[in-house]
Amino acid sequence: MELNFTGTDICAVGGTRSPAEAHYDVVVVGAGPSGIAAALEAKQTGASVLLVDENPVSGALMGNDVPLYFGGRMTAATQNSERMLEAVFMSMPALEQAMEAGIELLLGTTAWGVYRNGPGMQSLPEQVVGLADAERSWLVGFGRIVLATGARDLALAFPGWNQPGVMGAAALQMLLTRYAAFDGHRVLILGSHDLALETALIAIEHGLEVAGLVEVRATPQGSAGLVAKLAAAGVSVHCNTAVASAQGGINGIEAATLSSGKTIACDTICTAVGLIPSIELVDAMHGPRELDAMRGGYVPVGEVTVSAVGLCAGLADSGFDHVEYRMDWVRAVAASSAPDTIICQCEEVTRADLLGVQPPNYLARPPAMCARSLETLLNDGPANQDQIKRLTRAGMGVCQGRRCRDQVAMLLALESGQPFAAIPLASHRAPVRPLPLKILADWNEPAQMEAAWDVWFGIPTQWVPVEDIGTPFEDEHRGMLYTGMYK
Amino acid sequence: MSGSEVVIVGGGVTGLSAGWWLARSGVKVTVLDKFIVGWEASGRNGGGASHYSSPLFDEEQRLWLQMDDLLGYPTEHQKERILIAMTERQWEQYRFVAARHQRLNHPVEVLDVKQVQEMVPLAGDNCFGGVHYKFGGHANPQRSVQAYAWALQDLGGTIHQHSPVTGFETAGGKVTAVKTATATYGCDAVVVAAGPQIPQLMAQLGVDIPLAAARAEMIITEPAPMMPLGGVDGHKLYGRQTMRGNLAYGGGPHEWIDVDEVGPAARPSTSLARNLARRLAELLPKAAHLNVIRSWAGVVENSPDGRPIIDRLTSPDNVVVASMSGVGFGLSPASGHAIRDLVIDDKCSFADINILKLSRFAGLEADWRERRGWTALA
Ligand SMILES: Cc1cc2nc3c(=O)[nH]c(=O)nc-3n(C[C@H](O)[C@H](O)[C@H](O)COP(=O)(O)OP(=O)(O)OC[C@H]3O[C@@H](n4cnc5c(N)ncnc54)[C@H](O)[C@@H]3O)c2cc1C
């Protein structure tokens, strides 16, 4: 059959995209103090400004430790979305000011992806940010985007960490100061740098009992003033020890045992060892970022149309090497816990299986498989977290790796005898927050999308069975399955 | 050819399967990949393994059932597929394909709405019906790639990652060595299985391979309750439920791109994730509440007719080129076998693969990409 092509591939993407629903000169993601300030500043130049913040997130998402490591210690009050919304406004009076200034404000709205043309993609009519609330998702075009997404908690895996009551410092602070929705009384705090010390003081201020601080290094790490304040409040710092395990019952944590052997009663273990700049969006949009150990991890490198402010741009540099400190913690916790300690909660991957590069539990492990490990994999090249993620599933779960990705990177560095910087950052992907299919779905897509849609490339000759070539079935097959490609 | 040395350019499924087959025949194999095995299309695809339009189909079907045992490592291969029609037009098309399978004695069964719902608990009553392929299947891409790689090493083969091939040395009508920036690998034969980078590499040998590269996208959800059969798609989607329960699906418009010598510059995914999510929510309405947790893209190359090119060149005559045209994951057990045969015996032992020869494009117009509209957007 003579093939006459039309010069157009009707199944290619050109022209099929949904247009953005709105366009703003500036979109600011994150309505904390630095996001609000950036929005106000942009507004003053006469720009149209959209300010979005995912908070308050739904109770269900908080249960999955999104966006912070809540550890199941929220009260039922977090299920009441009106109350939660009110709490956000109450805790952030500047939001009123932003609205009065003419800034468009959307709370409970997640920015889950940023898309723009660049290498490997030229099909977007304009650069867009994907937004979603509890009802639907949509796209918004922008001239400039400011990421003020803050920082998230580093989690640590010790035996028993996968019980309610093990949580992060940023999450604890948010539940206490913003939502008054913390469901615990007696907190043991891991770490003794400023984050831990400040968290302890806030806890005391909110009427909690602080059962103590735990520090792997020989001395308290934070500023002397804060250490003194805590000492004055009668809180002791247990130095030279890590947490070895946590014991619990039906309501979660009941006690922690330190590697020194000491057992401390508590209903909450708050990991306050580090905050990690929330660069999910930057990384998912292939924006440049670099490791800055003094500023808490990977931080965005500014671009003309993409900038970062606040903790997302990096923690304040006080000369403290956060990465080295976290590595000390991960090393100590690993040394005092059994290899079968779960490291990825979502996918139930143990440290032994991670470092053994073993497949998940639902697969058989024949002898050849058991003989493989990170050590054998390193013969092929340096450790790559994305590769090991695909093989072991560590970091592949519904929390999108928020709980384990940082620890996994550190364990890979330690096991392969490499500095942390040698482990490439595991990729973040849109949607950077879990989004239900029916919410992410484009229910208003343009007709061109359906017209262009084929299961694969729409190449008429690709799926004709060999047996049919040169028979009448060939044309019949093409006619039935492909319509618009030939003249 | 026992004892001789074959260098394979490209550690995707095609190159690794070929290497494994050659190593099984006692050939000394070295695989060179520019980055990590499976990092391009081979580790990012839909995992589908039901290529009934290919001359390699029977061998594909025969081998997948044994791959875990043959390789000694798990691939997560699962048997069979169900296609669900969500529109009247799809129902007509899928039944047409079913009738065609019946004509060729491939076991299929046409399912009514009730049967679809029984076999696919996540489906709804919004469908027109389905077709159950009692053949074909799917596997886990990166796990399968790694299984080939490890099995090849277990047979004494060598893999050098982070080793982009920069060129060849030739003498007497043969390639005598393959070069990277830091090393030269002497060889008796070469397999070029470098995916979208094949044209650039082969141009160095004076051979024109007509291929156009494009980007294709997928999404994946959190785990759903396990369905009795994971290979469920239709509604113009391809995909599968993984053995963990996640729903991984792709389909829809692709974007043609240009690939330079060092490979695809990036593999960005786009807001197409929303259109995929919509169709998956329609296909499996009882999963519509499940969270999408990732999306990604991969780059595949296509020949002008969309079929693979698997051929041994006449000059230099010790080079086998293998480009899989976007259908290479499922075919990999069989494509590797065919490549092994071409390298060692100059002839495929188990199928007539003349239709995959490069010579079919001898009269191709210089502007074949433009004629098809397969050019990158400016
Ligand atoms: C989203 C998506 C879904 C798909 N779904 C399916 C499916 O369901 N079923 C199916 O059968 N197929 C599917 N495919 C197609 C399938 O993935 C490919 O056909 C197959 O992986 C091709 O394998 P390959 O080894 O030939 O090429 P590739 O995977 O592209 O591997 C080529 C390798 O060569 C290396 N390389 C390139 N240049 C050099 C150089 N100069 N030096 C050294 N190394 C080099 C690359 O690093 C790469 O690892 C899909 C593809 C995509 C992108």
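Going line by line, the protein sequences match chains A and B.
In the numbering used here, each number is its position in the first sequence, counted from 1, plus 17.
In the numbering used here, each number is its position in the second sequence, counted from 1, plus 587.
We put the beta carbon where it would ideally sit given N, CA and C, even for glycine.
What you are looking at is a predicted structure, and each value in this text was computed from that prediction instead of being measured.
Practice task
State the DSSP-derived secondary structure class of Trp678 (chain B), mapped to helix, strand or coil.
Solution key: helix
Exercise for the section: Measure the beta-carbon distance from Leu173 (chain A) to Thr288 (chain A) and round it to whole angstroms, keeping in mind my assumption that it falls under 8 Å. Expected result: 5 Å
Handout entry: Cα-Cα separation between Ala93 (chain A) and Thr33 (chain A), rounded to whole angstroms
Key = 44 Å
Handout entry: N-terminal and C-terminal residue of the alpha helix (DSSP H) that Ser731 (chain B) is part of
Key = 728 to 741
Exercise for the section: Flag Phe474 (chain A) as yes if its beta-carbon sits less than 8 Å from any beta-carbon of chain B, otherwise no. Expected result: yes
Practice task
Select from the segment 137 to 153 of chain A all residues with a C-beta closer than 8 Å to any C-beta belonging to chain B, and list them in chain order.
Solution key: Gly137, Met138, Gln139, Ser140, Leu141, Val145, Gly147
Handout entry: Host beta strand (DSSP E) of Lys721 (chain B) (start-end)
Key = 716 to 725
Exercise for the section: Report whether the distance from the Cβ of Leu788 (chain B) to the nearest heavy atom of ligand 1 is below 7 Å. Expected result: yes
Exercise for the section: State the Cα-Cα distance for the pair Leu698 (chain B) and Val415 (chain A), rounded to the nearest angstrom. Expected result: 33 Å
Exercise for the section: Could you tell me whether any Cβ in chain A is nearer than 8 Å to the Cβ of Gly838 (chain B)? Expected result: yes
Exercise for the section: Examine the Cβ distances between the segment 817 to 831 of chain B and the segment 670 to 677 of chain B and report whether three or more of them are shorter than 8 Å. Expected result: yes
Handout entry: Any non-hydrogen atom of ligand 1 closer than 7 Å to Trp129 (chain A) Cβ
Key = no
Handout entry: Chain-ordered neighbours of Gly398 (chain A) on chain B, where CB pairs are closer than 8 Å
Key = Ile623, Gln748, His749
Practice task
Give a yes or no on whether 8 Å exceeds the smallest Cβ distance from Gln787 (chain B) to chain A.
Solution key: no
Practice task
May I ask whether a heavy atom of ligand 1 can be found less than 7 Å away from the beta carbon of Arg568 (chain B)?
Solution key: Because chain B here runs from 588 to 965, residue 568 (chain B) falls outside it and cannot be looked at.
Exercise for the section: Using only the heavy atoms of ligand 1, determine whether one of them is closer than 7 Å to the beta carbon of Tyr825 (chain B). Expected result: yes
Exercise for the section: Consider the C-beta atom of Asp898 (chain B) and the heavy atoms of ligand 1; say whether any pair is separated by less than 7 Å. Expected result: no
Practice task
Would you mind working out which of A:Gly304, A:Pro237, A:Asp485 sits nearest Val290 (chain A), comparing C-alpha positions?
Solution key: A:Pro237
Problem - Residue burial classification, Ile267 (chain A) (beta-carbon count within 10 angstroms, cutoff 16) - result: exposed
Handout entry: Secondary structure, beta strand (DSSP E): runs of 3+ residues fully inside the segment 211 to 294 of chain A
Key = 226 to 231, 260 to 266, 269 to 275, 280 to 282, 285 to 288, 292 to 294
Practice task
Could you name each continuous beta strand (DSSP E) segment of 3 residues or more that falls completely within the segment 301 to 382 of chain A, going from the start of the chain to the end?
Solution key: 306 to 309, 314 to 317, 323 to 325, 359 to 361
Handout entry: Pairwise C-alpha distance: Gly635 (chain B) and Trp473 (chain A)
Key = 12 Å
Problem - Segments assigned beta strand (DSSP E), at least 3 residues, entirely inside the segment 885 to 936 of chain B - result: 896 to 899, 906 to 910
Handout entry: Member of A:Leu112, A:Arg419, A:Asp345 whose CA lies at the smallest distance from the CA of Met427 (chain A)
Key = A:Asp345
Handout entry: Pro453 (chain A), DSSP secondary structure in three states
Key = strand
Exercise for the section: Would you please verify whether the beta carbon of Trp608 (chain B) is less than 8 Å from any beta carbon of chain A? Expected result: no
Practice task
Would you mind stating whether Trp961 (chain B) and Asp26 (chain A) have Cβ atoms separated by less than 8 Å?
Solution key: yes
Exercise for the section: Could you tell me which of A:Arg446, A:Gly167, A:Ala464 sits nearest to Ile52 (chain A), measuring between CA atoms? Expected result: Checking the sequence shown, residue 52 (chain A) turns out to be Gly, not Ile. The shortest Cα separation from Gly52 (chain A) among A:Arg446, A:Gly167, A:Ala464 belongs to A:Gly167.
Exercise for the section: Express the C-alpha separation of Leu225 (chain A) and Met813 (chain B) in angstroms, rounding to a whole number. Expected result: 44 Å
Problem - Rounded C-alpha distance that separates Asp170 (chain A) from Ala151 (chain A) - result: 24 Å
Problem - Three-state secondary structure assigned by DSSP to Ala768 (chain B) - result: coil
Practice task
Report the rounded CA-to-CA distance for Asp334 (chain A) versus Gly313 (chain A), giving the unit in angstroms.
Solution key: 9 Å
Problem - Residues from the segment 366 to 378 of chain A in contact with chain B, defined by Cβ distance under 7 Å - result: Pro376, Pro377
Handout entry: Inter-residue Cα distance where the pair is Val765 (chain B) and Ala738 (chain B)
Key = 23 Å
Practice task
Please find out if some non-hydrogen atom of ligand 1 comes closer than 7 Å to the beta-carbon of Glu297 (chain A).
Solution key: no
Exercise for the section: Assign His255 (chain A) to one of two classes, buried (16 or more other C-beta atoms within 10 Å of its C-beta) or exposed (fewer than that). Expected result: buried
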